[in-house]
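In terms of my numbering, the sequence shown opens at residue 29 and continues consecutively.
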Amino acid sequence: MSEEKKNYITLQQFLKMKGIASTGGQAKIMIQNSEILVNGETEERRGRKLYSGDRVEAEGKEYLVP
Numbered sequence: 029m030s031e032e033k034k035n036y037i038t039l040q041q042f043l044k045m046k047g048i049a050s051t052g053g054q055a056k057i058m059i060q061n062s063e064i065l066v067n068g069e070t071e072e073r074r075g076r077k078l079y080s081g082d083r084v085e086a087e088g089k090e091y092l093v094p
């Protein structure tokens with residue numbers, strides 16, 4: 029596995045880190061309610077691995093994974 033693919037953050041962790049969700053429970057609900065897009069597509073897996081360059085859309089804003 030390449031070094032680049034080892035460095036990831038889960039969608040739920042990312043939502044908490046960016047302050048989009050204040051708790052894991054809130055992140056879970058947002059994801060289950062199809063409120064989150066990853067790279068332009070609805071994502072319903074809170075454990076989705078995000079890599080550098082991925083784009084997350086939430087609450088009308090776009091966030092870039094560093």
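In this text, a Cβ means the ideal position worked out from N, Cα and C, and glycines have one as well. Computed from a predicted structure; not experimentally measured.
Assigned exposure category for residue i - 16 Cβ within 10 Å defines buried
i	result
residue 74	buried
residue 64	buried
Cα-Cα separation between residue i and residue j, rounded to whole angstroms
i	j	result
residue 59	residue 34	23 Å
residue 54	residue 77	18 Å
DSSP state of residue i mapped onto helix, strand, coil
i	result
residue 46	coil
Residue from the options with nearest C-alpha to residue i
i	options	result
residue 90	61, 52, 46, 54	46
residue 36	87, 88, 82	82
Residues of its chain near residue i, where Cβ-Cβ distance is below 6 Å and the 5 sequence neighbours each way are ignored
i	result
residue 79	36
residue 86	48, 64
Neighbourhood of residue i by C-beta, 8 Å cutoff - its chain only, sequence neighbours within 5 removed
i	result
residue 70	62, 64
residue 44	50, 51, 52, 55
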